[in-house]
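Down below is the structure, laid out as structure tokens.
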Amino acid sequence: MTAIQTERVDALIASARKSRDERMGGYRERSLALHPWVCARCGRAFNRENLSELTVHHKDHNHDNNPADGRNWENLCIYCHDNEHARYEEHQASFSGGGLAESSESTATYHPFANLKELLARKQD
């Protein structure tokens, strides 16, 4: 890459980062002002000493959707937030063909109630 191309790439990256920071800027503070300092999932309460462990989760998983009234946010502790994103990624993978739903190894072949009628008839005899 030439020096001019490198400068353009650097400028583009800087612009994108600045735009992202402006877009996301302040939504955590707004959410903390609007919502109680309690994890919406597990109910753990937070104070000023441990507030850094409380995160703002976007309910629709769209980090660009930041309405001022906070309807797309919920405060989650770091553990519940990680769990929510892991569940979302597993859900997405199951619909994109990369999940367990498509795997032949995970298909159940055992049918525990297949001959239930026979078993009940034997028990009555």
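Numbering (the UniProt record's numbering) for the sequence shown: 1 to 125.
Glycine included, each C-beta is placed from N, C-alpha and C at the ideal position.
None of the values given here were measured: they were computed from a predicted structure.
CB-CB under 7 Å to Ala45, same chain, minus the five flanking residues each way: which ones, in chain order? Trp37, Val38
When you compare each of Lys123, Glu7, His58 to Asp82 by their alpha carbons, which one comes out closest? Checked all of Lys123, Glu7, His58; the closest Cα to Asp82 is His58.
For Asn72, tell me which candidate among Ala40, Asn47, Ser94 has the shortest Cα-Cα distance. Ala40
Are His111 and Asn75 touching if we call contact CB-CB under 8 Å? no
Name the DSSP bridge partner or partners of His58? Trp73, per the DSSP bridge assignment.
Would you mind giving the Cβ-Cβ distance between Asn62 and Tyr27, rounded to the nearest angstrom? I have them listed as a contact below 8 Å. Actually they do not touch by this definition, with Cβ atoms about 12 Å apart.
Whole angstroms are fine: how far does the CA of Arg48 sit from the CA of Cys77? 14 Å
Taking the alpha carbon of Ser52 as the reference point, which residue from Glu29, Arg122, Val9 has its own alpha carbon closest? Glu29
What residues in its chain sit with their C-beta under 7 Å from that of Gly70, if we drop five residues either side in the sequence? Arg30, Ser31, Leu34, His35
Buried or exposed, going by whether 16 or more other CB atoms sit within 10 Å of the CB of Val56? buried
Cβ shell of Ala14 (< 8 Å), same chain only, five flanking positions each side left out: none
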